[in-house]
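Chains as they are written, first to last, in full-length UniProt numbering: chain D, 1 to 209; chain Z, 1 to 209. Glycine is no exception: its CB is placed at the ideal position from the N, C-alpha and C atoms. All values derive from a computational prediction rather than experimental measurement.
2 protein chains.
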Amino acid sequence: MARVTQEHLDARRRQILDGAALCFARNGFHATSMQDVLKEVDLSAGAVYRYFSGKDELISAIVTEVLGEIREHFEAAARQSPPPPPDELVGRVMGSVLGGRSGMVHNGESVFPRLIIQVWTEVLRNEELSAVIHEGYSSVRGAWVKVVQGYQDAGMMRDDVPAESVARTMIATAQGFVAQMAIFGAAPVEVLQEGLRGLMSMGNPDTRT
Amino acid sequence: MARVTQEHLDARRRQILDGAALCFARNGFHATSMQDVLKEVDLSAGAVYRYFSGKDELISAIVTEVLGEIREHFEAAARQSPPPPPDELVGRVMGSVLGGRSGMVHNGESVFPRLIIQVWTEVLRNEELSAVIHEGYSSVRGAWVKVVQGYQDAGMMRDDVPAESVARTMIATAQGFVAQMAIFGAAPVEVLQEGLRGLMSMGNPDTRT
DNA sequence: TCAAAAAGAAGGATCGTTCGTTTTAGGTTC
DNA sequence: GAACCTAAAACGAACGATCCTTCTTTTTGA
Numbered sequence: 001m002a003r004v005t006q007e008h009l010d011a012r013r014r015q016i017l018d019g020a021a022l023c024f025a026r027n028g029f030h031a032t033s034m035q036d037v038l039k040e041v042d043l044s045a046g047a048v049y050r051y052f053s054g055k056d057e058l059i060s061a062i063v064t065e066v067l068g069e070i071r072e073h074f075e076a077a078a079r080q081s082p083p084p085p086p087d088e089l090v091g092r093v094m095g096s097v098l099g100g101r102s103g104m105v106h107n108g109e110s111v112f113p114r115l116i117i118q119v120w121t122e123v124l125r126n127e128e129l130s131a132v133i134h135e136g137y138s139s140v141r142g143a144w145v146k147v148v149q150g151y152q153d154a155g156m157m158r159d160d161v162p163a164e165s166v167a168r169t170m171i172a173t174a175q176g177f178v179a180q181m182a183i184f185g186a187a188p189v190e191v192l193q194e195g196l197r198g199l200m201s202m203g204n205p206d207t208r209t
Numbered sequence: 001m002a003r004v005t006q007e008h009l010d011a012r013r014r015q016i017l018d019g020a021a022l023c024f025a026r027n028g029f030h031a032t033s034m035q036d037v038l039k040e041v042d043l044s045a046g047a048v049y050r051y052f053s054g055k056d057e058l059i060s061a062i063v064t065e066v067l068g069e070i071r072e073h074f075e076a077a078a079r080q081s082p083p084p085p086p087d088e089l090v091g092r093v094m095g096s097v098l099g100g101r102s103g104m105v106h107n108g109e110s111v112f113p114r115l116i117i118q119v120w121t122e123v124l125r126n127e128e129l130s131a132v133i134h135e136g137y138s139s140v141r142g143a144w145v146k147v148v149q150g151y152q153d154a155g156m157m158r159d160d161v162p163a164e165s166v167a168r169t170m171i172a173t174a175q176g177f178v179a180q181m182a183i184f185g186a187a188p189v190e191v192l193q194e195g196l197r198g199l200m201s202m203g204n205p206d207t208r209t
């Protein structure tokens with residue numbers, strides 16, 4: 001295929017990214033060989049190396065894309081007006097994160113949770129990717145802090161706890177639920193929402209600061 | 001050193017496990033070479049292969065040990081009497097999990113959070129280890145469900161949400177906080193506790209089921 | 001027809017592991 | 001108690017396998 005259209009080139013690149021992401025979600029970045037990826041995308045080495053300079057660039061492209069998607073979903077949820085309560089906020093994020101790559105399924109399970117925890121381990125050993133997730137997280141946290149301050153200003157939440165701590169905790173809830181889905185299999189987002197509503201119903205814990 | 005004492009053999013095995021765990025926390029299981037481990041523990045290949053039949057067995061031993069420790073910390077916290085509120089419960093788990101391996105530090109950061117998320121990725125590609133984490137999680141969840149039912153029976157929490165959902169959400173909070181510490185660095189456990197107290201103070205969210 | 005896309009065999013490097021050798025701790029002998 | 005002996009612990013060079021990547025050749029589409 002010579003002198004192909006730009007759409008064809010883009011489609012090839014996406015085909016490689018998707019196939020590689022599937023492999024990486026299954027086996028991790030470094031237990032997956034290039035041969036595994038080549039077999040998955042049904043292309044030769046020469047073809048893949050035309051689109052990516054090497055395995056590292058392929059990994060970086062996937063990690064960056066995943067982090068970008070997640071950041072967007074978190075920030076979109078925080079832009080809701082009026083700011084929804086925590087259970088709805090977290091539920092919306094989880095729904096859009098899991099629904100975003102709805103096509104990517106393996107053994108009946110969404111690939112995304114598995115891919116996300118692989119990404120977490122990869123940012124630990126790559127300064128460039130570490131910077132990406134730091135910046136994204138910082139931005140998301142800022143947006144969610146504002147939502148929490150909205151709760152406090154409206155008298156919906158005690159205001160003697162730092163808004164940042166609450167924002168971090170809500171984000172942690174979503175992250176932990178993703179980890180559970182990756183390890184133990186898919187679960188309805190309602191589980192997480194019910195859990196948050198249960199916690200929210202406990203009332204101001206007396207005089208303990 | 002021939003005919004050495006059993007204590008020496010045990011110490012050697014532990015030395016290898018700790019050194020390998022440090023390497024794996026830094027770089028992941030499959031981006032860490034045996035040469036890396038040998039250099040870290042300052043032993044030869046022949047020595048290490050006397051204690052472990054191969055890299056896979058070394059990984060399995062570390063993963064199993066980590067999962068066992070975590071399970072014990074979660075179950076010990078649930079055995080508290082009377083059952084503490086969620087913020088104290090989660091705070092106690094985080095404290096003991098992070099304090100347990102207090103000796104293992106790298107660049108001023110506790111190694112354990114990094115090691116834990118590496119473990120999560122490894123159970124995805126090893127059926128044996130998957131069974132271990134499934135069993136441990138099932139047991140922990142059962143213990144925490146009872147605590148939540150205690151909240152509900154005492155009228156501290158609305159009882160129209162499944163206790164299992166709340167238990168899962170509390171566990172997810174701890175898991176997510178571990179992920180945050182691994183990726184973004186250590187943070188006081190108080191952050192997570194404050195966050196939970198903030199959520200708990202929001203009161204019964206009206207008529208939304 | 002030809003430039004570009006894809007193919008796929010092969011190279012160089014690194015991996016996990018083995019195995020023949022050396023060193024050592026602790027029991028034995030005088 | 002000092003010298004010796006021996007089984008085992010540790011060593012480390014080397015092997016085959018596998019990995020990522022390159023590069024020449026073939027195929028393809030405009």
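The region 135-146 of chain D makes contact with the region 155-175 of chain D: 3 or more CB pairs, one atom from each, lie closer than 8 Å.
In the three-state reduction of the DSSP assignment, Val161 of chain D falls in the coil class. Taking a contact as a CB-CB distance under 8 Å, the pair Ile62 of chain Z and Leu17 of chain Z counts as one, their CB atoms being some 6 Å apart.
Pro85, Pro86, Asp87, Glu88: these are the residues of the region 81-97 of chain Z whose beta carbon lies less than 9 Å from some beta carbon of chain D, given in chain order.
Under the Cβ criterion of 8 Å, Glu40 of chain D is not counted among the residues facing chain Z. Bridge partners of His106 of chain D according to DSSP: D:Glu109. Of Z:Pro85, Z:Leu129, Z:Met200, the smallest CA-CA separation from Asp56 of chain Z is found for Z:Leu129. Between Val123 of chain D and Met157 of chain D, the alpha-carbon positions lie close to 34 Å from each other. Non-local beta-carbon contacts of Arg79 of chain Z in its own chain, meaning distances under 8 Å to residues more than five positions away in sequence, involve Ala143 in chain order. Identification of residues in the region 173-187 of chain D having a C-beta nearer than 9 Å to some C-beta of chain Z yields Thr173, Ala174, Gln175, Gly176, Phe177, Val178, Ala179, Gln180, Ala182, Ile183, Phe184, Ala187, given in sequence order. The beta carbon of Cys23 of chain Z sits closer than 8 Å to the beta carbons of Thr32, Asp36, Val37, Glu40 from its chain, once the five residues preceding and following it are set aside; these are given in chain order.
Fully enclosed alpha helix (DSSP H) runs of no fewer than 4 residues occupy 127-153, 163-184 of the region 120-186 of chain Z, in order along the chain. For Thr32 of chain D, no alpha helix (DSSP H) encloses it, and the DSSP letter there is neither H nor E.
If you compare the alpha carbons of D:Glu65, D:Arg12, D:Ser81, D:Gln118 with that of Asp42 of chain D, the shortest gap goes to D:Arg12. If you check the CB distance, Gln118 of chain D and Phe177 of chain D do not come in under 8 Å. Unbroken alpha helix (DSSP H) stretches of 4 residues or longer found wholly inside the UniProt domain "HTH tetR-type" (10-70) of chain Z: 34-41, 45-51, given in chain order. The CB of His73 of chain Z never comes closer than 7 Å to any CB in chain D; the least such distance is about 16 Å.
In this model, Val90 of chain Z and Val105 of chain D are separated by some 33 Å (Cα to Cα). For Leu124 of chain Z, the C-beta contacts it makes with chain D under 9 Å involve Ala25, Arg26, Asn27, Gly28, Arg114, Ile117, Gln118, Ala182, Ile183, in order along the chain. If the five residues before and after Ser60 of chain Z are omitted, its C-beta is found closer than 8 Å to the C-beta atoms of Asn126, Glu128, Leu129, all from its own chain and listed in chain order. Close CB contacts of Arg26 of chain D within its chain, under the 7 Å cut and outside five residues either way in sequence, are with His106 (chain order). Contact between the region 64-78 of chain Z and the region 46-55 of chain Z is not established, with fewer than three Cβ pairs separated by less than 8 Å.
Here the alpha carbons of Gln15 of chain Z and Val189 of chain D stand approximately 43 Å from one another. Listed by position along chain Z, the residues whose Cβ is nearer than 8 Å to that of Val166 of chain D are Glu194, Gly195, Gly198, Leu199. DSSP, read as helix, strand or coil, puts Gln80 of chain Z in coil. Against chain D, the beta carbon of Ile133 of chain Z has neighbours under 9 Å at Ile183, Phe184, listed in chain order. In the structure shown, the three-state DSSP call for Ser201 of chain Z is coil.
Pro85 of chain D: not part of any alpha helix (DSSP H); DSSP gives it neither H nor E. If you draw a straight line from the Cα of Phe74 of chain Z to the Cα of Ala45 of chain D, it is about 47 Å long. Chain order gives no chain Z residues near Tyr49 of chain D, where near means a beta carbon separation below 9 Å; the closest approach is about 21 Å. Cβ-Cβ separation between Pro83 of chain D and Gly150 of chain D: approximately 5 Å, consistent with a contact (criterion under 8 Å).
The beta carbon of Gly203 of chain D sits closer than 8 Å to some beta carbon of chain Z. Minimum Cα-Cα distance from Phe184 of chain Z among the listed residues D:Tyr137, D:Ala20, D:Val93 corresponds to D:Tyr137.
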